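**Student:** Chains as they are written, first to last, in our numbering: chain C, 1 to 363; chain A, 1001 to 1363; chain Y, 2001 to 2363; chain P, 3001 to 3363.
C-beta atoms are modelled at their ideal positions from N, C-alpha and C, and glycine is treated no differently.
Note that the coordinates shown come from a computational prediction; the quantities given were computed from them, not determined experimentally.
Protein chains: 4
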Amino acid sequence: MVIVMHPTGSAADIVAVVEAAEAAGCEAHVSRGDSRTIIGLAGQVDQLEAAALRHLRGVADVVRISVPYRLVSRDHHVQRTTVRVDGVPIGPGTVTLIAGPCAVETPEQTLRAARMAKAAGAALLRGGAYKPRTSPYAFQGLGEAGLRILAEVRAETGLPVVTEVVDAADVELVAEYADMLQVGTRNAQNFALLQAVGGIGKPVMLKRGMSATIEEWLMAAEYIAQRGNLDIVLCERGIRTFETATRNTLDISAVPVAQRLSHLPVIVDPSHSGGRRDLVLPLARAAIAVGADGLIVDVHPRPEQALCDGSQALVDGDLRELARVMTVLPPLGGRTRAHPPAPVTLSGAAHARLVVGAAAASA
Amino acid sequence: MVIVMHPTGSAADIVAVVEAAEAAGCEAHVSRGDSRTIIGLAGQVDQLEAAALRHLRGVADVVRISVPYRLVSRDHHVQRTTVRVDGVPIGPGTVTLIAGPCAVETPEQTLRAARMAKAAGAALLRGGAYKPRTSPYAFQGLGEAGLRILAEVRAETGLPVVTEVVDAADVELVAEYADMLQVGTRNAQNFALLQAVGGIGKPVMLKRGMSATIEEWLMAAEYIAQRGNLDIVLCERGIRTFETATRNTLDISAVPVAQRLSHLPVIVDPSHSGGRRDLVLPLARAAIAVGADGLIVDVHPRPEQALCDGSQALVDGDLRELARVMTVLPPLGGRTRAHPPAPVTLSGAAHARLVVGAAAASA
Amino acid sequence: MVIVMHPTGSAADIVAVVEAAEAAGCEAHVSRGDSRTIIGLAGQVDQLEAAALRHLRGVADVVRISVPYRLVSRDHHVQRTTVRVDGVPIGPGTVTLIAGPCAVETPEQTLRAARMAKAAGAALLRGGAYKPRTSPYAFQGLGEAGLRILAEVRAETGLPVVTEVVDAADVELVAEYADMLQVGTRNAQNFALLQAVGGIGKPVMLKRGMSATIEEWLMAAEYIAQRGNLDIVLCERGIRTFETATRNTLDISAVPVAQRLSHLPVIVDPSHSGGRRDLVLPLARAAIAVGADGLIVDVHPRPEQALCDGSQALVDGDLRELARVMTVLPPLGGRTRAHPPAPVTLSGAAHARLVVGAAAASA
Amino acid sequence: MVIVMHPTGSAADIVAVVEAAEAAGCEAHVSRGDSRTIIGLAGQVDQLEAAALRHLRGVADVVRISVPYRLVSRDHHVQRTTVRVDGVPIGPGTVTLIAGPCAVETPEQTLRAARMAKAAGAALLRGGAYKPRTSPYAFQGLGEAGLRILAEVRAETGLPVVTEVVDAADVELVAEYADMLQVGTRNAQNFALLQAVGGIGKPVMLKRGMSATIEEWLMAAEYIAQRGNLDIVLCERGIRTFETATRNTLDISAVPVAQRLSHLPVIVDPSHSGGRRDLVLPLARAAIAVGADGLIVDVHPRPEQALCDGSQALVDGDLRELARVMTVLPPLGGRTRAHPPAPVTLSGAAHARLVVGAAAASA
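(1) Using a 10 Å radius around the Cβ and a threshold of 16 neighbouring Cβ atoms, would you call Val-109 (chain C) buried or exposed?
(2) Report yes or no: is there a C-beta of chain P within less than 8 Å of the C-beta of Arg-54 (chain C)?
(3) Do we get a CB-CB distance below 8 Å when we pair His-1029 (chain A) with the residues of chain P?
(4) Exposed or buried, Val-1078 (chain A), counting other C-beta atoms within 10 Å across all chains shown (16 or more means buried)?
(5) Quick one, which residues of the segment 1124 to 1154 of chain A are near chain C if we go by CB-CB under 7 Å, in chain order?
(6) Going by DSSP in three states, Asp-2251 (chain Y) sits in which element: helix, strand or coil?
(7) When the Cβ atoms of the segment 1086 to 1099 of chain A are set against those of the segment 1264 to 1284 of chain A, are three or more pairs found closer than 8 Å?
(8) What's the call for Asp-2179 (chain Y), buried or exposed, on a 16-neighbour Cβ count within 10 Å?
(9) Just the C-alpha distance for Ala-117 (chain C) and Asp-170 (chain C), rounded to the nearest angstrom, thanks.
(10) Let's see if you can read the secondary structure: which residues bound the beta strand (DSSP E) around His-3029 (chain P)?
(11) Please name the residues in the segment 1203 to 1218 of chain A whose beta-carbon is closer than 7 Å to at least one beta-carbon of chain C, in chain order.
(12) Check whether the Cβ atoms of Cys-2102 (chain Y) and Asp-2251 (chain Y) lie closer than 8 Å to each other.
(13) Which chain A residues sit within Cβ distance under 7 Å of Asp-3251 (chain P)?
(14) Across which residues does DSSP place Cys-1235 (chain A) in a beta bridge pair?
(15) Inspect the beta-carbon positions of Ala-3120 (chain P) and Ala-3099 (chain P) and report whether they are closer than 8 Å.
(16) Please list, in chain order, the chain P residues whose beta carbon lies closer than 8 Å to that of Thr-244 (chain C).
(17) With a threshold of 8 Å, are at least 3 pairs of Cβ atoms found where one atom belongs to the segment 3133 to 3147 of chain P and the other to the segment 2229 to 2249 of chain Y?
(18) My understanding is that Ala-2114 (chain Y) touches Leu-2097 (chain Y), with C-beta atoms under 8 Å, so please give their C-beta distance in whole angstroms.
(19) Are the segment 2294 to 2308 of chain Y and the segment 1307 to 1317 of chain A in contact at 8 Å, needing three or more beta carbon pairs?
(20) Are the C-beta of Gly-3058 (chain P) and some C-beta of chain A separated by less than 8 Å?
(21) Hey, could you find the ends of the beta strand (DSSP E) Arg-3084 (chain P) is sitting in?
(22) At least one CB of chain Y closer than 8 Å to the CB of Pro-270 (chain C): is that the case?
(23) Taking the beta carbon of Gly-334 (chain C) as the centre, do at least 16 other beta carbons fall within 10 Å, making it buried, or is it exposed?
(24) What does Pro-3221 (chain P) reach in chain Y if we use C-beta pairs closer than 9 Å?
(25) Closer than 8 Å, Cβ to Cβ, to anything on chain A: give me those residues from the segment 2263 to 2287 of chain Y, in chain order.
(26) Quick check on the DSSP output: the alpha helix (DSSP H) that includes Val-2171 (chain Y) runs from which residue to which?
(27) Note down, in chain order, every chain Y residue with its Cβ under 9 Å from the Cβ of Ala-3168 (chain P).
(28) Tell me, which residues are paired with Ser-2311 (chain Y) by DSSP?
(29) By the three-class DSSP mapping on this structure, what secondary structure does Ala-1103 (chain A) have?
(30) Where does the unbroken beta strand (DSSP E) through Met-2005 (chain Y) begin, and where does it stop?
(31) Can you name, in chain order, every residue of its own chain whose Cβ lies under 6 Å from the Cβ of Arg-1057 (chain A), other than the five neighbours on each side?
(32) Taking the beta strand (DSSP E) that Asp-3061 (chain P) belongs to, which residues open and close that run?
(33) Measure the CB-CB distance between Arg-324 (chain C) and Val-95 (chain C) and report whether it falls below 8 Å.
(34) Between which two residues does the beta strand (DSSP E) containing Ile-1090 (chain A) stretch?
(35) The beta strand (DSSP E) that contains Ile-3296 (chain P), what's its start and end?
(36) Less than 7 Å between C-beta atoms, sequence neighbours within five positions excluded: which residues of the same chain meet that for Glu-1022 (chain A)?
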């Protein structure tokens, strides 16, 4: 931390600042210049509330120097981390595609979307059972029924499941069904939720808050890490700016910046960034090219009937191009596409449940 | 809702859109112009997912027209609402000052801050027992112990208590102690929390999300209203912009805009907007002058020792000026300052608890 | 300037940074801490391109400390400045209303608007002859013909004229007619224009760029000051944010912040900030209450026929309320309303020109 | 244009709006719904000032439908345009690299930078002789001397020259030396300058204003086009947001969006977007992958001595990687790298001038 004294600050003011810093357990180093004196603090500076120093007479500014996060920082953990979701890697050396419907609606829609996802090269299935919606009148998700559908589709397709949790009280339930928990952009500073997912022992995908700085995003990850869970994947999904042509502004630079500051993997959501289907493929290409460790993409068998965000879901025609992109681009950066876990044999009972569920839903 | 067709859209495309709209229960009115055809929809347009219409061939744009909130809208509830907190009005005709410490730290600090608040003209006491902090290493509040301190200080000073709740699971507990629940900026789209406070039967102060549009803010209020609670006070507390000279940018225009769109009262937090003590009084004056129904302000007996946001807390010298502002400005707009409830007699037992608590804390 | 070394930086790296700083004429003070070393620079630090230092091995960050503007800074010019426009003061102790039509359209419209302005308490007349418009198809102003109208209306009403200049090549011409030159938000970093108005010897009103930080705004003023002109009035007119309910977001906090950083007067434009007539009066009240040294407001005799920004122009009914605000609010801050210059006797010839011009325009 | 009536608007209000619209030469189509009436306007809607309609009684909102630009719109010019700079194409089918020093400092520095540019695959040379700088105390460029250096380096290397012009008064002079004129982000709404470059008969590169919406960017291009010049290349260079980790936020989505709305080519500046050397290559890869028609990149032989923006200039080591990217990525989208014009023979006199200049500068 650096304390900048005002040009009119007196020698006594400087002494007072030094004493306050030392009382707080810091070493203070005074640098006197022609027009300004600055005081550098070293040691246990995190203990000090910078705000308190600002109050001392003669202080013009207090500048924080060291980063406020530790466990997720790359400073002391230079090697980048690979997070594994049921064996599927997300991290350096691979590009991992997560795809599926924005919201789980029916067993049949989810299964079809999962097959589309797999055809496009996905290694993990996304799908929301709990949907945070701006309007209380919009579809809010199927809840546990949606989780059951996801589990059945996992059994059928072999794709591990990534799904959102929106309330600390639901974390245990969601973790019973999901292979990876997602914390969404609106909950990026819901600290109770962050702590709850930090304690549940499953990998977490943490979306960036729509107005979170990169530093705040990493601080949110630190909340999860502090509870003992370092299996965190960061997901850039667009930030809020003045531009209205796109739903959000994909901050593509955030990918290399976050990868430099943190050892955690960083993926990109090209569907929610733009909110427009015609932007998904260009942004997916840009994300892989910039070095993202993966993508999370909406697909839907009949987007015009989607209960949520249909306007951004990829359809069949786009999937072949996405599959091509997933095949061709990663090798240019010396990487490979991540693959789903080795196929599992579906038990007869599970298959029966799935079929029954699909029949019930279409009834 | 208005659907704008692309110049190259065909007559068949227009027919398809009209059919889709009518299938969804809307009336469609086609207006053909020289270069564009537009289709106006009326009726149950909320049922339609605008997104789905965007997919139809020939559609260039879909523009939503009617506001997406109902219960909090002024369209059908022209009279502005007065919310009463233990008898203290917040609404048209009055200006209500809510003041107190950002965080409850000790009984003694809270009591002193409450007395400062009262001297400045406050009718309600603010103070946080649960603090959402960007860093997991920052002070997170005293929890239920903090709530008890607030209740004791209420008993001593007669000021009803406004305090934040950060997790749906805590709503019942906080509501036992508080007279008004506060939902903070980071939880402005924590829908589980909004629904929980909507069902608990106490007035709610809803801070604007730091990147929420005014419409999203009103939608968040709609979540609370939908659970049967219309005792909602909106609080503008600064939005996130590119400017870094202030912690947030107080959107002073949001006060008259929100008052026009909604019947709910709107107050201003000049402390968190700027994050600087020297801005609190100027912004407080601006807020009253623009027509805000109240203010919520941080005060602290010793800000340089504050565990949270000390740099913005008003100190003794500022309070006389705040008291003057609260006396002089409201009458210019034909309003009066709101007063605390009539004094209560403190029971001997409550007084003893308070004294014991203060002694324990200072030990 | 402060250089923060990376935790992995070596002693040799530190020596190299110190040598580079000293070679550039700075003193370097090294502070070694547990985890970080920081190097404070004093002396001719402005000569150093901070960027170059960032390149040195082991450097993690370079933090600028001293403000980059000098002539407009309050650091060495503690007393706030009063700028006089043909005798009318803008500065501490007064509140100055500037009003008039957004664009000069006809002599008759301009004269009527000026009379409205005067009735509302204006001491200066605004009106644009050169209009920077987002669309090349929008009305671009009358040019020199508009300047002549303004001069004639000044002769008739006694109100000195404030008018915008949009190109360095026009500065001399505009200065022949105007009493104060305005530089608009779109030209806030048109440095050729800033330098030209700095050299012309007339007071300048400098609007804040719509995405300029307060520091950049002051740097733009420094460009003018550097040419020898310190008669600069800063005008806050709203910044660009994500909120779309208002055309811009009035940054009301920028008024006290800029007044603290600079000795120059700061006024507010409540008309362009919100872009809505219903917000002008509330924002005008807020601006005076926050401590602004004046207001600039659009008025128009028939806004529904305005060629520019009619939707924000005040009409007759609003003017009485504005006059009341200008009378009642300034005394609360110990200030008075600024008055127009003492009336001048209009020569017969000037009067004839005005009448002829009005007749020609309405023909 | 669509006019939305307030729920309380009367039938007479609707009639008045229709009459106003028809008086302005529009056709009005009224759609009455359950809760709202909307009026669609067709015909010469550009003639109408939307603002004026907002004033009519009962009007709740006015929504513009058709795009406000014509010449640069893709609506009536579906084929994307290729702009040629001295024969070098910028447009569909190619990826064009423009590289060179941010500022021209000496003949030797410029020549070395140009050779670095060429080695990296550049077809055009960039370099600034007029530099718009936030601070009046920063290096402002060499002016005409810089233009002469650029011309000499063109003669030596065969690379056509792209250079910035910052004042309408300089356009003729700059056009004598340059092959393509650049309008920078700070002048993106300097309409006098836009009109001047529109009339000079040379290709123009128009950077996006740092707070310009995509629509405003296209309107700025329309100003140039309106003067008869359609040889315009749009350049995305980052927008201003709340994020401070990067100098600007590269709006990568703006590339496909602008290519859809306009037939003009769109390139990306990865150097100024991030303001950090370590981001240039990742962002360059992303830009090509998203479909940009080219890149403009800073290179400098000794960035640590650069007088401007040294911290973002690529150095030798990076150039090989850039060359690889320019070779490998375009073919994935079915494109090729654009090449410089066929080599020219340098006259002895020109060569002598260059050598003399270099000697003088290094003296």
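**Tutor:** Judging by the given coordinates:
(1) The residue you asked about is not Val; residue 109 (chain C) is Gln in the sequence shown. Result: buried.
(2) no
(3) yes
(4) exposed
(5) Pro-1132, Thr-1134, Ser-1135, Pro-1136 and Tyr-1137
(6) strand
(7) yes
(8) buried
(9) 27 Å
(10) 3026 to 3032
(11) Met-1210, Ser-1211 and Glu-1216
(12) no
(13) Chain A residues near Asp-3251 (chain P): none, gap ~14 Å exceeds 7 Å.
(14) A:Lys-1207 and A:Ile-1267
(15) yes
(16) Thr-3213
(17) no
(18) Actually they do not touch by this definition, with Cβ atoms about 13 Å apart.
(19) no
(20) no
(21) 3083 to 3085
(22) no
(23) exposed
(24) Per the sequence presented here, residue 3221 (chain P) reads as Ala, with Pro not at that position. By Cβ distance, chain Y contributes nothing, its closest Cβ being about 10 Å from Ala-3221 (chain P), past 9 Å.
(25) Ser-2273, Gly-2274, Asp-2278, Leu-2279, Pro-2282, Leu-2283, Arg-2285, Ala-2286 and Ala-2287
(26) 2171 to 2177
(27) Asp-2167, Ala-2168, Ala-2169 and Ala-2192
(28) Partner(s): none; Ser-2311 (chain Y) has no beta bridge.
(29) strand
(30) 2002 to 2005
(31) Asp-1013
(32) 3059 to 3063
(33) no
(34) 1088 to 1090
(35) 3294 to 3298
(36) Ala-1028
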